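In the numbering used here, the protein residues as written are 522 to 617.
Just so it is clear, CB atoms sit at the ideal spot from N, CA and C, and this is done for glycine as well.
Given the structure is predicted, the values throughout are model-derived calculations rather than measurements.
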Amino acid sequence: MYVIDIHYNASLERIDDALERHRAFLQPLFERGIFIAAGPKVPREGGVILAARIDRGELDAILGTDPFVTEGLATYRVTEFKITRAAQGFNVPALP
Numbered sequence: 522m523y524v525i526d527i528h529y530n531a532s533l534e535r536i537d538d539a540l541e542r543h544r545a546f547l548q549p550l551f552e553r554g555i556f557i558a559a560g561p562k563v564p565r566e567g568g569v570i571l572a573a574r575i576d577r578g579e580l581d582a583i584l585g586t587d588p589f590v591t592e593g594l595a596t597y598r599v600t601e602f603k604i605t606r607a608a609q610g611f612n613v614p615a616l617p
């Protein structure tokens, strides 16, 4: 599983201009079960994506196509972790 930490490199005005393209990028990844949750940080200096277990190279390739990245608006820091405990009812996603 991965925590993807997004840091904005541009003004919120530019981020907002690209937001619909970014959301369009996210949607099929949620549908495929690769992304589990996503949202903005508070305060809004970036965002966070929680991703399922997938090959790290594949994840990096996917992230490289995000409009936030291709338009130079944000940088991503990816942290992989192994779930050893989870709340009751939380199902650890299987490999897609």
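Can you grab the Cα-Cα spacing for the pair residue 543 / residue 562, in whole Å?
One C-alpha to the other measures close to 15 Å.
Run through the DSSP bridge pairs and tell me what residue 584 is partnered with.
The partner list for residue 584 (beta bridge, DSSP) is empty, contrary to what the question assumes.
When DSSP labels each residue in this structure, what does residue 535 get in the three-state scheme?
Three-state result, residue 535: helix.
In the DSSP assignment, find the beta strand (DSSP E) that holds residue 561 and state where it starts and stops.
Where residue 561 is concerned, the enclosing beta strand (DSSP E) stretches over 556–561.
Which residues in the same chain have their Cβ closer than 6 Å to the Cβ of residue 600, if we skip the five residues on either side of it in sequence?
These residues qualify, in order along the chain: 524.
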